[in-house]
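K.L.:
Have a look at the structure that comes next, please.
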Amino acid sequence: MSRYFSDASFKFLRNLDRHNDKPWFAEHKHEYEEHVRQPFLRLIADLQPDLAQVSTHYLADPRTVGGSLYRIYRDTRYSNDKAPYKPWQGARLYHERRKQVPAPSFYVHLQPDASFIGAGLWHQEPDIQRRVRQFIFDNPGTWKATAHAPALRRRYGFEDSEMLVRPPRGFPTDFEFIDDLRHRNWVLLRHVDDAGMTSPRLRQTIAADLAALGPFVDYLCAALDLEF
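This is how it looks when you write it as structure tokens:
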């Protein structure tokens with residue numbers, strides 16, 4: 001078993017949150033590389049065999065450019081917040097056709113006191129949202145078995161920060177899963193404390209998450225006519 005992150009990983013991210021400017025980051029960039037970026041790239045590479053057992057159409061890509069790891073640099077062009085860096089690090093394990101069509105993903109998020117493992121669809125266009133809602137409405141039995149299985153929901157919860165205030169038009173309000181149709185994002189996630197992210201069993205834990213969340217991602221792929 002291999003340990004990826006350490007207390008030093010979280011120390012760097014906390015300090016970055018306090019000193020979010022280019023001079024500080026330049027002075028401490030070696031800490032970012034040693035304690036955050038390189039360990040995360042190694043984790044991504046190690047997860048690929050585990051992900052392949054869940055789906056051969058998904059990739060854990062350790063390339064330093066264009067791979068699974070998100071850049072730590074923020075795009076501040078259209079934001080009032082001009083802080084240049086994200087005080088967290090994330091990785092998207094993505095579908096092989098992600099550049100052609102919108103696709104659900106698996107996701108690993110590293111942040112002090114706010115890490116999580118999740119999967120699903122995030123910030124999609126209205127047409128994609130409509131397709132997912134219609135698919136859930138047309139296939140409620142499979143949705144119940146996939147997204148509301150008791151064992152799954154004991155461990156994972158829906159991300160619900162951007163739900164519609166009212167049920168979407170065109171669907172009966174007495175539909176069993178009408179609240180699920182109010183989602184704009186269909187994401188299941190599990191919060192992980194700092195000790196969990198620094199555990200030597202992190203890879204094995206995430207591999208179990210990928211397997212558990214696989215049927216949920218498969219359902220969303222089916223809604224969008226994607227292979228899984």
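Sequential numbering of the sequence shown, starting at 1, is according to the working numbering.
Just so you know, even glycine gets a beta-carbon here, dropped at the ideal spot from N, CA and C.
1) Assuming V192 and E159 form a contact by the criterion Cβ under 8 Å, report the distance between their Cβ atoms to the nearest whole angstrom.
2) What's the C-alpha gap between L47 and A149?
3) Got a sec? Which residues, its chain only, sit under 8 Å from E31 by beta carbon, not counting five neighbours each side?
4) Just verifying my parser: in three-state terms, what is the DSSP assignment at W88?
5) How long is the line joining the alpha carbons of L69 and F40, rounded to whole angstroms?
6) Cα separation between R130 and R74?
7) Which runs of the alpha helix (DSSP H), 4 residues or longer, sit entirely within the segment 156 to 208?
8) Taking the straight line between their C-alpha atoms, what separation do you get for F25 and R203?
9) Among the candidates H95, V132, I44, R71, whose CA atom is the shortest distance from the CA of T56?
10) For A145, is the classification buried or exposed, using 16 other Cβ atoms within 10 angstroms of its Cβ as the cut-off for buried?
11) Tell me which same chain residues have a C-beta within less than 6 Å of the C-beta of R3, skipping the five on either side of it?
12) Using DSSP with H/G/I as helix, E/B as strand and the rest coil, what is S232?
13) State buried or exposed for S161, treating a residue as buried only when at least 16 other CB atoms are found within 10 Å of its CB.
14) Using a threshold of 7 Å, state whether the C-beta atoms of L121 and P104 are closer than that.
15) Quick one: what's H30 bridged to in DSSP?
16) Since L51 is in the alpha helix (DSSP H), which residue starts that stretch and which ends it?
17) Take L164 and list the residues in its own chain whose beta-carbon comes closer than 6 Å to its own, dropping the five residues that flank it on each side.
18) Excluding the 5 residues flanking V217 on each side, which residues of the same chain have their C-beta closer than 6 Å to its C-beta?
19) L93 and A60 - do their beta-carbons sit closer together than 7 Å?
20) Hey, how far is the Cα of T142 from the Cα of R97?
21) Hey, which unbroken runs of the beta strand (DSSP E) at 3 residues or more fall wholly within the segment 86 to 134?
P.N.:
Reading off the structure:
1) Actually they do not touch by this definition, with Cβ atoms about 15 Å apart.
2) 25 Å
3) A8, F12
4) coil
5) 8 Å
6) 30 Å
7) 178 to 181, 194 to 197
8) 28 Å
9) H95
10) exposed
11) P200
12) Residue coverage of the chain in this structure runs from 1 to 228, which leaves residue 232 outside it and unanswerable.
13) exposed
14) yes
15) DSSP, once it has assigned bridges, lists no residue as partnering H30.
16) 38 to 54
17) R182
18) P104, A119
19) yes
20) 24 Å
21) 89 to 95, 105 to 110, 115 to 121
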